[in-house]
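Take a look at the structure below.
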C-alpha cells in the first residue's frame, strides 16, 4: 500500500510544484464576462470611447482585443475628471490581444473612466466584454432581458511575471469576495487545511484497513 | 431508537470515514465555487427559495408562474452585483464588495417571486423541500449566506452517496474489505461529485438515492429479498423519483432485479419475498402516485410538468424514429457507415469521459486536453485489472448473472433515457445545442466504485494494496487539481 501511495504522491507533488512554480503575467482584473466576444465594437479614426470600469491596484498593463490596425491606439484612465494613467500602442499586424503599458497604479480606482482613443487614420475593431460568440441566448444571465450594450473588453494585467506561489495572497484576497458574510482572505487557506485533513484521514484509513487485511 | 442505534453501529467505521471525507470535500467545493457557478444553481435556489418564503410549491395556483420568467428582485440584485455570467467571474473589487454586501444586508427585496425557479419547475419537489430547511434557518441572513447554508445540505448528501456506495461494495464483494475502502475513498474524492456537492442542485439527492438503490439491490441479491431490502429499494426509488424524473431510467433494471430475486428465491421463502417485493413497489409507487395526482390537479393554474420526464417545451414532434435510434447510438458508440452524423464531436469522449474527469462550472471549463488523455491512459489498466478480476471469478459469476444483468440494465436504460430526452431537446428546443452532460450518468457512481474495487481485486493479494494506495492518492491529487483549476478560473 505504502509503495503505491508513495509513487502516486510523488507524481502529484511533482506536478503540483511544476504547475505552481510556472511564471507568467497575471490578471489584475477584467470587465470580461465571456471567454471570447462575439461583438466587434468599431472605433472610427479620431474617435474616443469611454466606459466606467473598476481599475485594480497593481495594474501595469491593459490588454485589449483588436483586429489589425495602424494606430496609435491610446488608453487613458480618468478619475473625477483628471487623468491618472495612460499608455499607447502603435499598431497591430494581426487580430489578437494588444498590450499597452500604463503608468503604475498603486491603489484601486473604483468606477474609473477608461477612455480608448483611435489616433490613427482608419477604424479599429475592438472586442466587447459580455456578448459571447454564440450570441446572448447562451448566457442565462440575459434570459428574458434585453441584451445590455457591450463595453470594450479591457483586461488589466499585473506588472512583471509572477509564479502562482507569489500570487497566492492576492488570490486568497479575491477568494473571500462576493461570498457568505463570514468569508475572507482566510477562507482559501482554511480550504487547503481541510483538503489536507481529508488526505490525512484517507491515508490513515487506508493504513488501518491494509494492516487489518 | 436502540434498534436504529445498533444498525448505525453495524455500519463499518471505514464507510463512515469515507462519507465524512466526501462531506468535508463538498464543503471545500462549496467554499471554492462562487455562488451560481454550479449548473442551473440560479434556478434551483429560486425553486427552494419560493417554497421557503411562500410555503407553497411552484405549481400551486396563484403563483403567477405563467408570467415571463425573470429573476426575483433579490436574485436580480445578487446576479447584477456579482456580476454573474456563465463565462465570467465575480468582481475582484474589494471596495465594491463592501458596498455590495452592505446593500444586500439592508434587504427589503421581494423574495416571493419564483423568478428563475421556473426553470427548475420541471423537477419534483423533494430536494427543494429539504433545501427550504437550511434556507429558513438562515432566513435572516443575506442570500449569499442562505445559499451557503443550502450548499451545506448538498455536501451532506454527497456523504450519504459515498456511504451507500461503500455499503454497495460490501454487498457486491463481501470477501474484499480492502476493495470497499479503496472504492469508497476514490468515490469520496471524485471531483465532479465534490463540485456538484458544493452547489445547490437536485443532482445531489438523486445521486444519494441511486447509491441507496444499488445498495438495496446488491443486499437483496446477497442476503435475500426481505422486508428491509424491499423498503430500501422502494424508499430509494421513491426518493429518486420525487427528486429527478430521470430516475425512471433506472427502473427497468430494478424491475428485472426484483423479478430475478423472486425467481431465484426457494419456494418455501417465496411468499415472504413476494411480500417484500410488494413493500418495494408500494414504497416506490405510492409517494410517486401522490405527487403525480397532486401535480395533475394543479395543472391549469400554471405549468406543472413536474410529473413528466421533461418539461412541456421538450414534448414536441418526436421526429423520425430512425434518426432517434442513430442519435442514441452515436451518443455512446462509433457512428456506422449508413448513419447520418448526429454530433459535431464524439460524445463518449467529449461529454461523458471529460464530464466525468472534470468539466466544471456550467460545463464550461476543465483540464487541458492532454490531462484527459493521461486520465484515459490511467483508466486502461484499471479496466484491464477489473477484467482480470471478473475473469478469475467467472465460476462464481455464473450464479450471479441476474445480479450483473440488473446493474447493466440500470446503466443501459438510464443512458438511453438521458439520450431520449437529449434528442428531443436537440430537435425541438434548440438545434444548435446539445443536452448531454457527464453528470447525468452520475447516478451510476456505485458502478465506478465497483470498477475501482474490482481493479484492486484483479491486482491480486500481492499487488492489490499497492494498486489501491496508488489509486486513492491519485484520486486525492485529481480532486486537488480540480479545485486549483477552479480557483485559477475564478480568482486568478
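Chains as they are written, first to last, in this note's numbering: chain L, 1 to 213; chain F, 1 to 492.
Glycine included, each C-beta is placed from N, C-alpha and C at the ideal position.
- Fully contained in the stretch 94-132 of chain L are the following beta strand (DSSP E) runs of length 3 or more, in chain order: 96-101, 109-118, 124-127.
- Counting only residues of its own chain and dropping the five nearest sequence neighbours on each side, residue 157/F has a CB closer than 6 Å to the CB of 204, 205, 208.
- Bounds of any beta strand (DSSP E) do not take in residue 248/F, whose DSSP letter is neither H nor E.
- By the Cβ neighbour-count rule, residue 8/F is exposed, with fewer than 16 other Cβ atoms within 10 Å of its own.
- Taking CB atoms only, residue 166/F has no neighbour in chain L less than 7 Å away.
- For residue 48/L, no alpha helix (DSSP H) run applies; the uninterrupted beta strand (DSSP E) run containing it begins and ends at 48-55, by DSSP.
- Cβ atoms of residue 280/F and residue 248/F stay farther apart than 8 Å, at about 16 Å.
- As summarised for the stretch 145-216 of chain F, the continuous alpha helix (DSSP H) elements at least 4 residues long and confined to that stretch are 177-188, 191-197, given in chain order.
- In the displayed model, residue 37/L falls within a strand according to three-state DSSP.
- At a cut-off of 7 Å between beta-carbon atoms, residue 345/F makes no contact with chain L.
- Not a single CB atom of chain L sits nearer than 7 Å to the CB of residue 198/F.
- By the rule that beta-carbons nearer than 7 Å mark a contact, residue 34/L touches chain F.
- When DSSP states are grouped into helix, strand and coil, residue 354/F belongs to the helix group.
- Residue pairing of residue 103/F in beta bridges, as defined by DSSP: absent, with no partner found.
- Nearest CB-CB separation between residue 213/L and chain F: below the 7 Å threshold.
- With respect to the 7 Å criterion, residue 132/L and residue 38/L are classified as neighbours on the basis of their beta carbons.
- In this structure, DSSP gives residue 71/L an extended state, which the three-state scheme calls strand.
- Note that the stretch 202-210 of chain L does not touch the stretch 147-157 of chain L; fewer than 3 beta-carbon pairs, one per stretch, sit closer than 8 Å.
- With its beta carbon at least 7 Å from every one in chain L, residue 410/F lies outside the interface.
- One Cα belongs to residue 230/F, the other to residue 168/F, and the distance between them is close to 15 Å.
- Identification of chain L residues near residue 21/F by a Cβ-Cβ cut-off of 7 Å yields 198, 201, 202, ordered along the chain.
- Beta-bridge partners assigned by DSSP to residue 365/F: 360/F.
- In the structure shown, residue 244/F adopts coil according to DSSP, grouped into three states.
- Neighbours of residue 12/L in chain F, taken as residues at a C-beta separation under 9 Å, are given in chain order as 473, 474, 476, 477, 478, 480, 481.
- Linking residue 165/L to residue 298/F through their CA atoms gives a straight-line distance of about 57 Å.
- Annotation for residue 173/L: the continuous alpha helix (DSSP H) segment containing it runs 164-175.
- Membership of residue 434/F in any beta strand (DSSP E) is not indicated, and neither H nor E is assigned to it by DSSP.
- Within the DSSP secondary-structure output, residue 87/L pairs in a beta bridge with 75/L.
- Under the 8 Å Cβ criterion, the stretch 105-119 of chain L does not count as touching the stretch 11-20 of chain L, having fewer than three qualifying pairs.
- For residue 28/L, the enclosing beta strand (DSSP E) begins and ends at 27-30.
- Per the coordinates, the alpha-carbon of residue 45/F lies some 10 Å from the alpha-carbon of residue 114/F.
- By the beta-carbon neighbour count (other beta carbons within 10 angstroms, threshold 16), residue 121/L is exposed.
- In the three-state scheme derived from DSSP, where H, G and I count as helix and E and B as strand, residue 122/F is classed as coil.
- Setting aside the 5 residues that flank it on each side, residue 119/F is surrounded in the same chain by 43, each with a C-beta closer than 6 Å to its C-beta; the list follows chain order.
- By the C-beta density criterion, residue 398/F is exposed, having fewer than 16 other C-beta atoms within 10 angstroms.
- The C-beta of residue 96/F comes closer than 7 Å to at least one C-beta of chain L.
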